[in-house]
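Chemist: In the working numbering, the protein residues as written are 793 to 1032.
Ideal Cβ positions, reconstructed from N, Cα and C, are used throughout, including at glycine.
(1) Exposed or buried, which one is residue 1067 when buried takes at least 16 other CB atoms within 10 Å?
(2) Is the region 940–950 close to the region 1012–1032, with three or more CB pairs under 8 Å?
(3) Run through DSSP, which three-state label would residue 813 get?
(4) For residue 828 versus residue 881, is the C-beta distance shorter than 8 Å?
(5) Tell me where the beta strand (DSSP E) around residue 1017 begins and ends.
(6) Would DSSP call residue 793 helix, strand or coil?
(7) For the alpha helix (DSSP H) containing residue 908, name the first residue and the last one.
(8) Within 10 Å of its beta-carbon, does residue 934 have 16 or more other beta-carbons around it, so buried, or fewer, so exposed?
(9) Give me the Cα-Cα distance between residue 991 and residue 955, rounded to the nearest whole angstrom.
(10) Quick one: give me the first and last residue of the alpha helix (DSSP H) that residue 938 is part of.
(11) Using alpha carbons as the reference points, say which of 923, 861, 832 and 872 lies closest to residue 848.
(12) By a C-beta neighbour count over all protein chains shown, 10 Å radius and 16 as the cutoff for buried, is residue 890 buried or exposed?
See the structure below:
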């Protein structure tokens, strides 16, 4: 594969639902565009879905993924457009917005659990209708669950702004909690770090999509807990 690169609009504007783009690589059902609004699966956040429209022909996006540093859009069939053609992108917005709400909710959940109980995150996964997060906790008592839920909803209800920042490495190291965000583990060639800031509460490096204010998340409910082995406990959440 050659060296086409894609402008990642979803990193700067998570709310853009439609745009035009140019095809810069095509191989069967695999398409690379000069820019995209579609998030590729990664970091516990699922792939976006949606459509590509070309001259009244509609192609469903089955998957978006990163491969060898490129963003591949996998279509449901071989398209009739070719390299250099302009196409129209339409995002499956309800699915994306759900991912945004859950991703922001997980940031709040992780900071609450860290602040209150000193536990680190050991894994997470977002789904369309729920999300889960694993913590380095020995126990999950009803009291811990209740306190976590109450504190998380307190932050959510305060309608705090959620800001996306692009910082150079040194600035990011000063701004984030290095106990929770291991920027030092990122490859040296990454000079600019994308940071998600929940105003007055949390700052964390993240490449996912988020809502603009905490109130958009809705009420958070811990619906399920699991023992995942020694020193590892899972919380599953829903937002309403």
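Modeler: According to the structure data:
(1) A question about residue 1067 goes unanswered here, because the residues of the chain that appear run from 793 up to 1032.
(2) Counting Cβ pairs under 8 Å, three or more are found: they touch.
(3) In the chain shown, counting from the first residue as 1, residue 813 sits at position 21. Here residue 813 sits in strand by DSSP.
(4) In the chain shown, residue 828 corresponds to position 36, counting from 1. In the chain shown, residue 881 corresponds to position 89, counting from 1. With respect to residue 881, residue 828 sits close: the two C-beta atoms are nearer than 8 Å.
(5) Along the chain shown, read from residue 1 onward, the residue named residue 1017 stands at position 225. Membership of residue 1017 in the beta strand (DSSP E) is indicated by the continuous run 1012–1019.
(6) Reading the chain shown from its first residue, position 1 is the one you call residue 793. At residue 793, the pLDDT of 46 sits below 50, so the modelled position is not reliable; the number obtained from the coordinates is stated separately. The answer is coil: DSSP assigns residue 793 none of H, G, I, E or B.
(7) Sequence index remark: in the chain shown, residue 908 carries index 116 (1-based). Note, residue 908: alpha helix (DSSP H), 885–909.
(8) Translated into the one-based positions of the chain shown, residue 934 becomes position 142. Per the 10 Å Cβ criterion, exposed.
(9) What you label residue 991 is simply residue 199 of the chain shown in a count that begins at 1. What you label residue 955 is simply residue 163 of the chain shown in a count that begins at 1. Answer to the nearest angstrom: the Cα atoms are 7 Å apart.
(10) Working through the chain shown from its first residue, we reach residue 938 at position 146. Here the alpha helix (DSSP H) through residue 938 covers 934–949.
(11) Residue 848 sits at position 56 when you count from the first residue of the chain shown. The option with the nearest alpha carbon to residue 848 is 872.
(12) Residue mapping note: residue 890 aligns to position 98 of the chain shown, counting from 1. With 16 or more other Cβ atoms inside 10 Å of its own Cβ, residue 890 counts as buried.
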